[in-house]
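Enquirer:
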Amino acid sequence: MRRFRIGSEVYEEGSPDLQATLANAYAHRERPLCLCREPGCPMYIARIGDLHLIKRMPLSGGGHDLSCDSYESPYELSGLGALMGGAIQVDPDSGMAALKLDFSLSKTGSRAAPQQIGNGLDSVSGETRKLSLRGLLHYLWHEAELTIWTSLWTGKRHWWNVRWHIAEAAKQMIVKGRPLAETLFVPEAFRLEKKGEIEQRRAEALVPAAAPASGSRRLMVLVGEVKEFEPARVGRKLVVRHMPGFPFMVDDDLHRRLLTRFEREFSLWEADHQSHLMAIATFGLNPAGLAVIEEIAVMVVTENWIPYESIHEKTLIEALATMREKSVKGLRYNLPADQPIANAMFQSRTQPVALYIVPSGADETFEASLQEMIAARAEIGSWVWRISEGDMPPVRV
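Have a look at this one:
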């Protein structure tokens, strides 16, 4: 059981007076210290209703002990490593992460060709790496700890707490000097009996996206679950779950390129009715008050909201979902598909283990990069599934 130092006192995670102490620390902006290592790893406190939770500071997981629930694998084992110090810069004192994005959050004149669709990669060239739209969705998912799973949570992860964790994660992120939370819109769980209240809160939240009388206008970022793309008189209407009667307009060219760029994600979603298709998009409101999508990317997730990018990853995730041991899904961010990542990590009884999937047709460069990743982290066990060699090997704990 984890232990925390709050002020001058030490508390165990299940201590009966911990909630009262956390409420007081939250009010006074005090940071708990996780005592998995001395002198302690700084944490922060998040509040959901009357409940206070101790959460890991952004990108601080590597500083925790291997046995600690807050430990996470080295960033170099996923696409996150290439973005650290460039696209993502974390202030060690405040824990706030300043993000550099490769897409615009403002619009002047006519629509610019979306960079996120059609270039084949979710990255940009040049010295300074920036977060793609899909990369931002991956980072939100990572920091919201929605990549983590244990069988103990089966049936307990629903949209309302997915939304809350994303919103909390966004509070720790800065874009161009402003909190990302001010720009992010994640629809709340819809309840018919609360329809009027929900629509009022939505209208207030979307005020920054309204079209100004003149000059450039601010765009917001939507994160929501795709229900369908309905035909419209012109283009398509993106219907987002929990937002009945509020479509997002998508022009024909953008929709066509979306289907081409994310063909894999759409095919995986269509093949499994229990999976969810998540969209991240920049949008604004036109003078008529309609929401118009400017750029968009999608990500498919399991029924437990764990992202996956192939049927083989889904097979691995489903196997891990039955285990009590904590597993963490690795994400690609801006990396292309021909570069290896640790597709997942799990905490065995003795050490963390990185799980790698080698796609059929992987070349020598892929294999060499994989062996370098494994050798660079000798303290972490490794498990490799080469698709060309047959069925998935057993994942032993």
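Numbering (the working numbering), first residue to last: 40 to 436.
We put the beta carbon where it would ideally sit given N, CA and C, even for glycine.
Predicted model, so just to flag it, every value in this text is computed and none were measured.
(1) May I ask which residues mark the beginning and end of the alpha helix (DSSP H) holding residue 412?
(2) Nearest-angstrom Cα distance between residue 66 and residue 244?
(3) To which residues of the same chain is residue 386 closer than 7 Å at the C-beta, ignoring the five residues directly before and after it?
(4) Going residue by residue through the segment 310–348, where are the continuous beta strand (DSSP E) segments of at least 3 residues, counting only ones entirely within it?
(5) What separation, rounded to the nearest whole angstrom, lies between the Cα atoms of residue 408 and residue 144?
(6) Between residue 49 and residue 40, what straight-line distance do the alpha-carbon atoms span, to the nearest angstrom?
(7) On the DSSP letters alone, give me the boundaries of the alpha helix (DSSP H) that residue 244 sits inside.
(8) Could you give the first and the last residue of the continuous alpha helix (DSSP H) run that contains residue 353?
(9) Who are the near neighbours of residue 211 in its chain, counting only those whose CB is closer than 7 Å to its CB and skipping five residues on each side?
(10) Taking all protein chains shown into account, decide if residue 88 is buried (16 or more other Cβ within 10 angstroms of its Cβ) or exposed.
(11) By the 10 Å Cβ neighbour count, where 16 or more other Cβ atoms means buried, how is residue 188 classified, buried or exposed?
(12) Residue 247 by DSSP, collapsed to three states: which one?
(13) Residue 390 to residue 380, Cα distance in whole Å?
(14) Can you find the residues in the same chain that come closer than 8 Å, C-beta to C-beta, to residue 351, ignoring five residues on each side of it along the sequence?
(15) Near residue 177, what residues of its chain come up, given a Cβ to Cβ distance below 6 Å and the 5 sequence neighbours on each side ignored?
(16) For the segment 103–138, list the beta strand (DSSP E) runs that are entirely contained and at least 3 residues long, ordered along the chain.
(17) Report the residue ranges of all beta strand (DSSP E) runs contained in full by the segment 179–224; include only those spanning at least 3 residues, in chain order.
(18) DSSP puts residue 364 in a beta bridge; with which residues?
(19) Could you tell me whether the segment 291–302 touches the segment 269–277, where touching means 3 or more Cβ pairs closer than 8 Å?
(20) For the 8 Å Cβ check, are there 3 or more pairs between the segment 187–202 and the segment 216–229?
(21) I'd like the span of the alpha helix (DSSP H) that includes residue 44, first residue to last.
(22) Have a look at residue 361 and residue 271 and give me their C-alpha separation to the nearest angstrom.
(23) Grouping DSSP H, G and I as helix and E and B as strand, with all else coil, what is residue 421?
(24) Could you tell me the boundaries of the beta strand (DSSP E) in which residue 91 lies?
(25) Compare the beta carbon distance of residue 354 and residue 314 with 8 Å and say whether it is the shorter of the two.
(26) Around the Cβ of residue 167, are there at least 16 other Cβ atoms within 10 angstroms (buried) or fewer (exposed)?
(27) CA-CA distance, residue 116 and residue 110?
(28) Going by Cα to Cα distance, which pick from 106, 100, 118 is closest to residue 112?
(29) By Cβ distance below 7 Å, which residues in the same chain neighbour residue 413 in space, the five residues on each side in sequence not counted?
(30) Taking just the CA atoms, how far does residue 345 sit from residue 58?
(31) Between residue 77 and residue 378, what straight-line distance do the alpha-carbon atoms span, to the nearest angstrom?
(32) Could you have a look at residue 380 and say whether DSSP puts it in helix, strand or coil?
(33) Let me make sure I understand the geometry here. Which of 269, 289, 356 has the alpha-carbon closest to that of residue 334?
(34) Residue 248 and residue 257 look like a contact to me (Cβ under 8 Å); what is the Cβ gap, rounded to whole Å?
Expert: For this structure:
(1) Element bounds for residue 412: 403–415.
(2) Going by the C-alpha atoms only, they are around 25 Å apart.
(3) Closer than 7 Å at Cβ, skipping near neighbours: 364, 365.
(4) With a minimum length of 3 residues, the continuous beta strand (DSSP E) runs that stay inside the segment 310–348 are 315–324, 330–340.
(5) Cα to Cα, residue 408 sits roughly 35 Å from residue 144.
(6) Distance between the alpha carbons of residue 49 and residue 40 is about 13 Å.
(7) Unbroken alpha helix (DSSP H) run through residue 244: 234–244.
(8) 350–359 is the span of the alpha helix (DSSP H), which, as asked, contains residue 353.
(9) Hits under 7 Å: 97, 134, 135, 136, 182.
(10) When all chains shown are included, residue 88 counts as exposed.
(11) Flag for residue 188 reads buried.
(12) Residue 247 falls in the helix class under three-state DSSP.
(13) Going by the C-alpha atoms only, they are around 19 Å apart.
(14) Hits under 8 Å: 396, 398, 424, 426, 431.
(15) Correct list, in chain order: 370, 372.
(16) With a minimum length of 3 residues, the unbroken runs of beta strand (DSSP E) contained wholly in the segment 103–138 fall at 127–129, 136–138.
(17) The qualifying runs are 212–214.
(18) Residue pairing from DSSP leaves residue 364 without any beta-bridge partner.
(19) Contact holds: three or more Cβ-Cβ distances are below 8 Å.
(20) With a cut-off of 8 Å, the segment 216–229 and the segment 187–202 count as touching, because enough Cβ pairs lie within range.
(21) Taken as a continuous stretch (DSSP letters only), residue 44 belongs to no alpha helix (DSSP H), being part of the beta strand (DSSP E) at 42–45.
(22) Between residue 361 and residue 271, the alpha-carbon positions lie close to 42 Å from each other.
(23) Three-state DSSP puts residue 421 in a strand.
(24) 90–95 is the span of the beta strand (DSSP E), which, as asked, contains residue 91.
(25) Going by C-beta atoms, residue 354 is not nearer than 8 Å to residue 314.
(26) A caution first: residue 167 carries a pLDDT of 46, below 50, which makes its placement in the model unreliable, though a value can still be read off. With fewer than 16 other Cβ atoms within 10 Å, it is exposed.
(27) Cα-Cα distance, rounded: 14 Å.
(28) Checking every option, the nearest Cα to that of residue 112 belongs to 100.
(29) Cβ within range, chain order: 421.
(30) If you draw a straight line from the Cα of residue 58 to the Cα of residue 345, it comes to about 29 Å.
(31) When rounded, the separation of the alpha-carbon atoms in residue 77 and residue 378 is 36 Å.
(32) Here residue 380 sits in coil by DSSP.
(33) For residue 334, the nearest C-alpha among the options comes from 289.
(34) Yes, residue 248 and residue 257 are in contact; Cβ-Cβ is about 7 Å, under 8 Å.
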